[in-house]
Amino acid sequence: MENKMQADIICEQKIPLDESSWQAIITGMRLAFFGNRFDEYFKFLSGCYMNDKEIAERKGFYLRLAAMLSRHLRMTPQLYEAYPYIEYIAADLVECVDKDLLKAGGDLGAVCKSAQEALKAKEPKKDSAVVAKPPAPEDRERFIAERSGDLKKLFVEVIDEKWVLDGSFDRTLALACELLYLERPDAEAITSVWFNNEANLEQVMCWFIEDFCLLLRGLEENDWIVILCRLAQSCGFDAPNLHSLQAEACFKLREYQRVIGSVTELEKKYKITPFLEHIKCFSLWQTSQLKECAKILRRRLDENPGDILAALLAGDVFMSRTMLENAVKAYSYAYHLEPGAADILFLLARAYHACYFTDQKDLCVAKAETVNPGIAKKFKFGVELYLKCSQPGVRARIDGIEGGDCPLCLKGIEGGKRVIEWLCEGGGQKRLEADLKDGYIYKFKYLPEENKVESEESRDGRITVYSGGEAVELDDLLKDYAVKNLDDLPKPAIADFLGESAFERI
Numbered sequence: 124m125e126n127k128m129q130a131d132i133i134c135e136q137k138i139p140l141d142e143s144s145w146q147a148i149i150t151g152m153r154l155a156f157f158g159n160r161f162d163e164y165f166k167f168l169s170g171c172y173m174n175d176k177e178i179a180e181r182k183g184f185y186l187r188l189a190a191m192l193s194r195h196l197r198m199t200p201q202l203y204e205a206y207p208y209i210e211y212i213a214a215d216l217v218e219c220v221d222k223d224l225l226k227a228g229g230d231l232g233a234v235c236k237s238a239q240e241a242l243k244a245k246e247p248k249k250d251s252a253v254v255a256k257p258p259a260p261e262d263r264e265r266f267i268a269e270r271s272g273d274l275k276k277l278f279v280e281v282i283d284e285k286w287v288l289d290g291s292f293d294r295t296l297a298l299a300c301e302l303l304y305l306e307r308p309d310a311e312a313i314t315s316v317w318f319n320n321e322a323n324l325e326q327v328m329c330w331f332i333e334d335f336c337l338l339l340r341g342l343e344e345n346d347w348i349v350i351l352c353r354l355a356q357s358c359g360f361d362a363p364n365l366h367s368l369q370a371e372a373c374f375k376l377r378e379y380q381r382v383i384g385s386v387t388e389l390e391k392k393y394k395i396t397p398f399l400e401h402i403k404c405f406s407l408w409q410t411s412q413l414k415e416c417a418k419i420l421r422r423r424l425d426e427n428p429g430d431i432l433a434a435l436l437a438g439d440v441f442m443s444r445t446m447l448e449n450a451v452k453a454y455s456y457a458y459h460l461e462p463g464a465a466d467i468l469f470l471l472a473r474a475y476h477a478c479y480f481t482d483q484k485d486l487c488v489a490k491a492e493t494v495n496p497g498i499a500k501k502f503k504f505g506v507e508l509y510l511k512c513s514q515p516g517v518r519a520r521i522d523g524i525e526g527g528d529c530p531l532c533l534k535g536i537e538g539g540k541r542v543i544e545w546l547c548e549g550g551g552q553k554r555l556e557a558d559l560k561d562g563y564i565y566k567f568k569y570l571p572e573e574n575k576v577e578s579e580e581s582r583d584g585r586i587t588v589y590s591g592g593e594a595v596e597l598d599d600l601l602k603d604y605a606v607k608n609l610d611d612l613p614k615p616a617i618a619d620f621l622g623e624s625a626f627e628r629i
């Protein structure tokens, strides 16, 4: 009754200049809208028609009114059909000189047009989509800190005022924002009615953030996913998806420590998916937490001997630590799980290449060319380059990039035509153009006194490692893996590459 009386007064006397009354009028309109009391709602609206001078004097009210009406139309386009004169308010705002009122009028007019088009089309509801979005903030941590713990800032300032959405997401966003402007008991009561007593306000808002982040996931908006998940968590939302979506986004952003934190927090309460466990393992490797990574990989393989990703990641970890015997065995294990996979053949070939097992590397490449020629063409192993000089104090550079002082060993150099230069202390210089073949070893020694370069090209090498406290040739340790046919490649036991000795050395 009180709200109806207020609507009658506004209809007759228009919007007062007294700013202290504006919030009550806006709230009265919201309650009338959500209560389906549209006679009251339209009476409030009829009191809002004023000339540009009067509107300018009540700027704060009209900015709030335009934003609210826009959200109501997004939620219920039929409102335009019932009261098309809302468009007149938009037109009046556009006629104002003030740039804020002008923008508010333009935005409201655009929403009116969208509502009108939706009513004319009479098509099924549109799929949710992002129409326009802001760029991710450069200082993400500051952006989050300034908005942390504030639901209204999250929904209104961060999303509603900056993004343009379509479909059910836009309707839900408009609803969430409107509810946040009401007192909590009123908002909860309205939520209960709108969702048939099946959800409370926090659930609705958490669902929106989760679904919105899932939509952004398809758009690779990883920075925004992290921002929205962390802001939602700062407001007390603790849904599992907020952790998993954030972990995946951080993984794509190569923020590996955050991946570990999100997954670890999640697995305190839930059984995590194999994907999340894998990206945690990968992140442990990337942050040099190798023992923890290896322990998880061993457990994964013990629980599921067919976990090919665990075997491959173990091989990658060993390669990064130059534990070549373990790497070859880990990749061999993976090969037996999926012998026709070109990517596994490449990794096994790469490990053989690092061991100077040229014949076995060639076997892997040849099989890859058979099973997937397109991928096999992309296999690159790099060039191993040794640069020397008969005089001390000589620097070397490749394609104009400093390499360091001679003698110098550079691995992983891209094959092709390269310019090698030796720069002597006294200003002397030697330039050599060389065509380097991928997968080969090149040794170049500059002899200044003879003004010539000695060169050597090969694919052979030997590696000595320490095993059991003594020096051993890697060829001897891996003699069973120096096969002539990949069908004869041994399948190692898990303990052969992820045993106690590996944990001690890693």
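Under our numbering, think of the first position of the sequence shown as 124, with each following residue one higher. Cβ coordinates follow ideal geometry from the N, Cα and C atoms, glycine included.
Same chain, Cβ closer than 7 Å to residue i, five either side skipped, listed in chain order
i: residue 124; result: Here the model assigns residue 124 a pLDDT of 47, short of 50, so the residue's position is not dependable and the matter cannot be decided.
i: residue 327; result: 299, 314, 318
i: residue 626; result: 414, 417
i: residue 393; result: 363
i: residue 618; result: none
i: residue 596; result: 585, 587
i: residue 162; result: none
i: residue 322; result: 314
i: residue 234; result: 193, 196, 197
i: residue 336; result: 348, 351, 352, 368
Closest by C-alpha distance to residue i, when choosing among the options
i: residue 388; options: 369, 376, 377, 405; result: 369
i: residue 429; options: 420, 508, 460, 411; result: 460
i: residue 629; options: 596, 551, 407; result: 407
i: residue 287; options: 528, 237, 531, 602; result: 237
i: residue 500; options: 465, 175, 483; result: 465
i: residue 269; options: 438, 467, 357, 534; result: 357
i: residue 223; options: 183, 622, 608, 606; result: 183
i: residue 339; options: 377, 258, 307; result: 258
i: residue 346; options: 374, 410, 321; result: 374
i: residue 432; options: 401, 395, 321; result: 401
i: residue 576; options: 594, 553, 593; result: 553
i: residue 256; options: 164, 578, 342, 390; result: 342
i: residue 571; options: 164, 265, 547, 214; result: 547
i: residue 273; options: 164, 446, 355; result: 355
i: residue 531; options: 147, 566, 497, 594; result: 566
i: residue 219; options: 136, 174, 199; result: 174
i: residue 301; options: 444, 214, 199, 611; result: 199
i: residue 158; options: 312, 283, 232, 136; result: 312
Own chain partners of residue i with C-beta closer than 6 Å, once the 5 adjacent residues on each side are dropped
i: residue 520; result: 526, 544
i: residue 472; result: 484, 487, 488
i: residue 276; result: 270
i: residue 477; result: 447
i: residue 569; result: 512, 545, 553, 576
Proximity test, Cβ basis, 9 Å: residue i and chain D
i: residue 131; result: In the structure shown, chain D cannot be found, because there is only a single protein chain.
Distance CB(residue i)-CB(residue j) smaller than 9 Å
i: residue 454; j: residue 435; result: yes
i: residue 140; j: residue 180; result: yes
i: residue 197; j: residue 293; result: yes
i: residue 189; j: residue 230; result: yes
i: residue 296; j: residue 310; result: no
i: residue 212; j: residue 187; result: no
i: residue 456; j: residue 615; result: yes
i: residue 586; j: residue 559; result: no
i: residue 168; j: residue 203; result: no
i: residue 427; j: residue 621; result: no
i: residue 440; j: residue 470; result: no
i: residue 131; j: residue 166; result: yes
i: residue 404; j: residue 365; result: no
i: residue 502; j: residue 491; result: yes
i: residue 279; j: residue 303; result: yes
8 Å contact criterion, which residue i and residue j should meet: CB distance rounded
i: residue 451; j: residue 475; result: 7 Å
i: residue 332; j: residue 360; result: 7 Å
i: residue 290; j: residue 252; result: 6 Å
i: residue 518; j: residue 528; result: 6 Å
i: residue 561; j: residue 591; result: In fact, because the Cβ distance is near 36 Å, the residues do not count as touching under 8 Å.
i: residue 153; j: residue 128; result: Wrong, their Cβ atoms sit about 17 Å apart, outside the cutoff.
i: residue 178; j: residue 216; result: 7 Å
i: residue 666; j: residue 494; result: Residue 666 is absent from the model: the chain starts at 124 and stops at 629.
Cβ neighbours of residue i in the same chain (closer than 8 Å, five flanking residues each side left out)
i: residue 134; result: 166, 167, 169, 170
i: residue 396; result: 367
Touch test, the region 476–492 against the region 510–518, Cβ-Cβ under 8 Å, three pairs minimum: Three or more beta-carbon pairs separated by less than 8 Å are not found between the region 476–492 and the region 510–518, which leaves the two stretches without contact.
Cβ contact check for the region 333–353 and the region 369–378: 3 or more pairs under 8 Å: yes
Validate contact between the region 591–607 and the region 572–583 using beta carbons, cut 8 Å, 3 pairs: no
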